[in-house]
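Take a look at the structure below.
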Amino acid sequence: MYVILGCGTAGFLAAKELLELKREVVAVEKDPARIKALKEAGVKNIIKGDMTSPQVLKKAGVEAADAVLVLTTDLNLTKKAVNAVRELNPDVTLIARAGRDSKGDEFPKDSVDVVVYPSNVVAKYAISNLDEIEPKNRLKKLMKIISQADKGIAIVTQNNPDPDAIASAVALKRITEANGKTADIIYGEEIGHEENRALVNLMGIQLIHISKVADIRDYSKIALIEASIPGQNNPLSSDITPDIIIDHHPVDREKVKGKYIDVRPEVGATSTILTQYLMHMGFDLTEELSTLLLYGIKTDTQDFTRGATLADLNAVAVLYPRANHDLLAKIQTPLMSSETLDTLGAAIKNRQIIGSHMISNAGFIRDRDTLPQAADYILRLEGISTVLVYGIAKDVVHMSARNRDIRINLGEAMQKAFGDIGQAGGHSTAAAGKIPLGLFGGVKDKSSLLRLVEDAVKDRFLKAVGAEEKSK
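Structure (structure tokens):
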């Protein structure tokens, strides 16, 4: 999140530049005409008020911001704003506009990371400096937290970690160990997908199930990887505030609480973020790390076809020559389990087609990781652009969805359909969700339960994607 204080010409242009880069922008301004212009330019988060007020700055999110840009033309106001920002967040990347006849000595030493000089040039220079200064300051803050982990770091992944989560967790573990501290990788449920099991086994990755951890608070620090909110698709209790959060999934930033937060929905994989960390640190990108991170990016972007950005491709360019491609081939071609075959068979048998949308009920399943495999397979069917496969496991309805219709943002559709009765979300082309069975009134008969679940899931999903039911 980037906070802009003062939205005259320079601040307005900076906001537009950041929006074009898909960054989250919060603007602080009190002039009604400027506020109107910001709204017309697409800035959604605007705080009306005094940029030197601690209350206004807190409301703008300065305490959790990635960077703050002070771009007012009033030098005295700029100085006051800089001081107010530093009082709330001493570590944030801070860029400030100089006075008209500046000699570069208006600000106390180390109070501002970059001083920039007037309108269009100011905006462009401020943004370009972010890419250079922000990663350094970000890593400085991360290293400070790691250095305090005398009792080790608990690196917590999703309940059912995918290759991106596993690779990112291993990378953070290696960074921690390189700084003389220990770390354990902890997950919540099971590693069910054949490729994920092959990845862990072939690369000898040590993961610990949450049931083996007496009290996760015994660790000095807790890191949450490939997830942002404790308790949502991860084994952390909702009353825990992680010290470190690194993720790339879209999320309501107001709900994300932590000392170090790096959530970037604009990149295709968390492995890309960790690769950037390693590169900025000058870390030795070993064959192990390169293979893991490359596979993490590859799977989360579906072979670089889903949400892959320039940042992802730059990371791949570094990792690819260093990776073990023979090992990758073995990981990507594991034997199919009988559970996966059963789920796929049930999903194909129980399919319902409505226009270009297919909804499949896989019934009662043992392994929720078989659902995304079935969804990926079914999406290959001619004439089908959107797929939802669901099944019941351990008192929960699990759902996996896939999409290639550019008019539909699947993550938003799943959140709209099921967010009020469970957990759901994802990206435009891949999403997931789950609903507790308790919502269906404790029905004991399996056939009746399946019918109730089918009606609820189908009706909500079709409404969310804007489809009329015309069964084929």
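Each residue of the sequence shown is one higher than the last, beginning at 18 in this note's numbering. Using N, Cα and C, we set each Cβ at its ideal position, and we do this for glycine too.
- Annotated as distal: Ile170 and Ala244, with beta-carbon spacing of 8 Å or more.
- In this structure, DSSP gives Arg214 a helical state, which the three-state scheme calls helix.
- Look at Ala448 here: in three-state DSSP terms it is strand.
- Taking every protein chain shown into account, the CB of Leu358 has fewer than 16 other CB atoms within 10 angstroms, so this residue is exposed.
- In the three-state DSSP reduction, Thr110 falls in the strand class (E or B).
- Remark: C-beta atoms of Thr174 and Ile202 approach each other more closely than 8 Å.
- A residue is called buried when at least 16 other Cβ atoms come within 10 angstroms of its Cβ; Asp181 meets this threshold and is buried.
- Closest in alpha carbon position to Ser164, among Gly197, Leu189 and Asp179, is Gly197.
- Here the alpha carbons of Lys56 and Gly209 stand approximately 46 Å from one another.
- In the structure shown, the three-state DSSP call for Phe381 is strand.
- With a threshold of 16 other beta carbon atoms within 10 Å, Thr303 falls short and is exposed.
- Residue burial is scored here from C-beta neighbours: Ile409 has at least 16 other C-beta atoms within 10 angstroms and is therefore classed as buried.
- The DSSP assignment places 26-37, 49-57 and 71-77 as complete runs of the alpha helix (DSSP H) inside the region 18-99, in order along the chain (cut-off: 4 residues).
- The beta carbon of Lys157 sits closer than 8 Å to those of Asp108, all from its chain and outside the five residues before and after it, given in chain order.
- Checking the DSSP bridge columns, you'll see Pro453 partnered with Val413.
- With 16 or more other CB atoms across the displayed protein chains lying within 10 angstroms of its CB, His415 is buried.
- Counting only residues of its own chain and dropping the five nearest sequence neighbours on each side, Glu212 has a CB closer than 8 Å to the CB of Pro180, Thr316, Ile348, Gln349 and Pro351.
- Per DSSP, Ile192 is one residue of the alpha helix (DSSP H) stretching across Pro180 to Ala195.
- Leaving aside the five residues that flank Asp167 on each side, the residues in its chain whose CB is nearer than 7 Å to its CB run, in chain order, Ser237.
- Beta bridge pairing from DSSP links Thr403 with His374 and Asn420.
- Within the same chain, Ile21 and Leu88 come within 6 Å of Gly28 by CB-CB distance, once the 5 residues on both sides are set aside.
- Assignment of Asp201 by DSSP, reduced to helix, strand and coil, places it in the strand class.
- Judged by beta-carbon spacing, Ala32 lies within the 8 Å limit of Ala58, meaning their Cβ atoms are closer than that value.
- Ala115 and Lys276 have their C-alpha atoms roughly 30 Å apart.
- The beta-carbon distance between Val406 and Ile395, rounded to whole angstroms, is 7 Å. This is short enough to meet the 8 Å contact definition.
- Inter-segment contact for the region 258-274 and the region 285-292 is present: three or more beta-carbon pairs are separated by less than 8 Å.
- Secondary-structure assignment with DSSP links Gly116 through no beta bridge to anything.
- For Val470, the uninterrupted alpha helix (DSSP H) run begins and ends at Lys463 to Ala481, by DSSP.
- Excluding sequence positions up to five before and after Lys480, its CB lies within less than 8 Å of the CB of Ala434, all in the same chain and listed in chain order.
- For the options Gly299, Ile370, Leu361 and Asn154, the alpha carbon positioned closest to that of Arg385 is the one of Leu361.
- As DSSP reads the structure, Val132 sits in a beta bridge with Ala113.
- Burial is judged here by how many other beta carbons sit within 10 angstroms of a residue's own beta carbon; Glu194 has fewer than 16 and is exposed.
- Leu36 places its beta carbon less than 8 Å from that of Val42.
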